[in-house]
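Numbering (the working numbering), first residue to last: 5 to 354.
Next comes the structure, spelled out in structure tokens:
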């Protein structure tokens, strides 16, 4: 876990409710500066990494939109935060901002009221699907890493309590950090943590400033014992050749990762552990930014001979693996999972 200690806190006036003031009180040494909008920050004179280390933003989320997902969850909840301490080279959240520090939204009560009204409007009992057999599931961490946010505001524990106690709703989030403080909370299996995994040497290059794969693997049993439901998230799957040109290098590395997972997880934890698999989508704007801050990563991420262009729903110029090639990659991945960790159900793969 990072030792996040911001030197400057930017805030909007409407973010300084009791929750916002409590966050300010945690960092009395930080310079404070009021801004008009949480998503339009002044020039800070800091590079990409220093902004993530030194700046915290407090804002109020204006729109409480709840979007259908059908993959990691039934729905995507309104954001509790935006941005992350980590600096993963493929992060879609970073694509849309020149700088992207952690922004905490302090109107959490509005967030939870929106969820409560939404879930009450849905059919019950919930139709069984791959997201969950019993509860309507909401992804609470699409734009941030909840494991980091948990230490910055007591509001995240309030959110955990809401989902733990709700008769119809369940929360889920993916993470690249291991927060021991979360083990003191008993979610009674109503919160699903999805630890993101990839081959360790690749993670060290592209999962910048996150906890190691070894640490994430070692945490799975502990989080299950604390009362969480624990899944894993093979995302993004990056296809690469070895230094010697071996085109099967990525396959061999994933086989080794699966064996590490098999060794790390107890039999009782395996019974509930499932996975999701998402192959890499990259972005031209992010590619250009990475060439300046992490060019070695781009040797893995930007491989035009394997990829095709796609304009995203937001107008961004993205690249993904060519569709016929990707179909073969998916088959290969599914076969490797069956070979190495047959106990691990793939919830979805694309």
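Glycine is no exception: its CB is placed at the ideal position from the N, C-alpha and C atoms. The structure displayed is predicted, hence computed values, not measured ones.
Item, Value
"Assuming residue 163 contacts residue 84 (C-beta within less than 8 Å), just tell me the rounded distance between them.", "6 Å"
"Once DSSP output is grouped into helix, strand and coil, what is the label at residue 30?", "helix"
"What number of angstroms, rounded off, separates the C-alpha of residue 153 from the C-alpha of residue 60?", "11 Å"
"Using 8 Å as the threshold, is the segment 308-316 in touch with the segment 260-274, meaning 3 or more CB pairs across them?", "no"
"Starting from the C-beta of residue 206, find all residues in its chain whose C-beta is less than 8 Å away, skip the five residues before and the five after it, and write them out in chain order.", "242, 244, 257 and 304"
"Considering only DSSP beta bridges, list what residue 323 is partnered with.", "286 and 313"
"On the three-state DSSP scale, how would you describe residue 12?", "strand"
"Does the Cβ of residue 19 have 16 or more other Cβ atoms within 10 Å, making it buried, or fewer, making it exposed?", "buried"
"Got a sec? Which residues, its chain only, sit under 6 Å from residue 146 by beta carbon, not counting five neighbours each side?", "80"
"Which of the three DSSP states is assigned to residue 143 in this structure?", "strand"
"Which residues in the same chain as residue 67 place their Cβ atom closer than 8 Å to its Cβ, once the five residues preceding and following it in sequence are excluded?", "82"
"Could you tell me whether the segment 341-350 touches the segment 324-331, where touching means 3 or more Cβ pairs closer than 8 Å?", "no"
"At what residues does the beta strand (DSSP E) containing residue 200 begin and finish?", "195-201"
"Pick from 350, 255 and 122: whose alpha carbon is nearest that of residue 69?", "122"
"Return the CA-CA distance between residue 41 and residue 291, expressed in angstroms with no decimal places.", "27 Å"
"What does the alpha-carbon distance come out to for the pair residue 159 and residue 274?", "31 Å"
"Name the one or two DSSP bridge partners that residue 349 has.", "278"
"Restricting to runs no shorter than 4 residues, where is the alpha helix (DSSP H) found entirely within the segment 83-113?", "none"
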